[in-house]
Every structure is written in structure tokens, then in C-alpha cells.
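Numbering (my numbering), first residue to last: 227 to 387.
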């Protein structure tokens with residue numbers, strides 16, 4: 227741990243100056259020790275699990291009994307017997323893409339069915355006479371708009387009464 231480097235980093239990020247005798251460095255050292263111990267434990271567990279898997283793969287792959295090997299023996303894997311463990315996955319797998327495509331298709335089909343049903347069964351609740359009256363009113367509105375401004379104002383005033 228380079229204390230000068232840490233001091234500079236803290237100052238650049240926060241504007242706070244810390245001294246090399248500051249207790250924060252004791253916390254940094256403690257954090258490093260705890261982290262190092264945790265990492266060592268995890269590495270030991272991974273190594274033990276890897277050795278166990280490798281031993282099981284060799285045992286099942288060749289039909290050898292465990293008693294044929296001396297204690298502590300770790301066999302070398304044959305080509306193609308042990309595959310590396312994937313540590314990273316793709317953001318979206320091909321299976322997920324297919325599922326997303328299917329969901330999008332279903333959503334689109336559902337929307338089209340709903341809109342089609344609304345169009346087919348839509349009833350505005352008007353009688354044929356009311357529909358004709360509305361059409362006549364629209365024609366009258368268009369005719370009124372074509373009149374000169376003075377006549378239009380007089381007609382609109384008469385309609386307001």
C-alpha cells in the first residue's frame with residue numbers, strides 16, 4: 227500500500243488532505259488484511275472443488291477405482307474430458323432472444339385482435355336518424371363558414387338565441 231499515492235487519490239477525489247499518521251490508514255491496512263484472508267479462503271475452496279471435480283471426472287471417465295491412485299494424486303485431464311468453467315455470459319443469450327421475439331409477436335397479435343374486435347363490434351349508440359342529423363349539421367357548418375363575415379356573424383347570433 228503506497229500511502230503517498232492514497233493521500234493524493236483522496237485529495238484529488240474529495241479535496242481533503244490526510245496525513246500519513248492519520249488513523250484512516252490503519253483502517254485501510256485492516257481492510258487489506260481482511261480482504262486478503264477472504265480471498266485466500268475462496269481460492270482454497272475453489273482449488274479443492276476443482277480437484278474434487280477433476281478426480282470425479284477421471285474416476286467416471288476411465289472406470290478407475292479411487293484405491294488405484296496414491297493419496298494426494300491429482301490426475302491430468304484428458305483432452306475434451308474437462309471443459310473450462312464459463313466466467314462470463316452473453317448479455318442476451320440466443321434462447322432469451324427467441325423468447326423476446328415470441329413475446330413481441332404475441333403482444334402484436336393480441337393488439338391487432340383487440341383493435342379488430344373493437345372495429346367490428348363498435349356501436350356508437352346513435353340511431354340512423356341521429357347519424358343523418360349529425361351529417362346535416364356538419365354540412366350546415368361548412369356552408370356557414372363560406373358566408374361573408376357580416377352574414378356569418380348575424381347567423382351565428384341568431385343561432386345563439
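Note that the Cβ used here is the ideal one computed from N, Cα and C, for glycine as well.
This one's a predicted model, so the numbers in the text were calculated from it and none came from an experiment.
Could you pull the start and end residues of the alpha helix (DSSP H) that residue i belongs to?
i, result
"residue 317", "Per DSSP, residue 317 belongs to no alpha helix (DSSP H) and is neither H nor E."
"residue 196", "Here the chain has residues from 227 to 387 only, and residue 196 is not among them."
"residue 244", "Run containing residue 244: none; DSSP gives neither H nor E here."
"residue 362", "354-372"
"residue 376", "375-386"
By how many angstroms is the C-alpha of residue j removed from the C-alpha of residue i?
i, j, result
"residue 239", "residue 263", "28 Å"
"residue 237", "residue 260", "25 Å"
"residue 253", "residue 247", "12 Å"
"residue 291", "residue 265", "Here the model assigns residue 291 a pLDDT of 49, short of 50, so the residue's position is not dependable, and the following value carries that caveat. Spanning the two alpha carbons is a distance of roughly 34 Å."
"residue 273", "residue 286", "20 Å"
"residue 353", "residue 359", "10 Å"
"residue 347", "residue 367", "30 Å"
"residue 374", "residue 327", "59 Å"
"residue 383", "residue 377", "10 Å"
"residue 235", "residue 268", "29 Å"
"residue 324", "residue 244", "55 Å"
"residue 371", "residue 361", "16 Å"
"residue 344", "residue 379", "41 Å"
"residue 330", "residue 336", "10 Å"
"residue 256", "residue 284", "42 Å"
Comparing C-alpha positions only, which one of the options sits nearest to residue i?
i, options, result
"residue 241", "336, 233 and 323", "233"
"residue 363", "278, 385, 346 and 283", "385"
Check this for me: beta carbons of residue i and residue j, under 7 Å apart or not?
i, j, result
"residue 251", "residue 230", "no"
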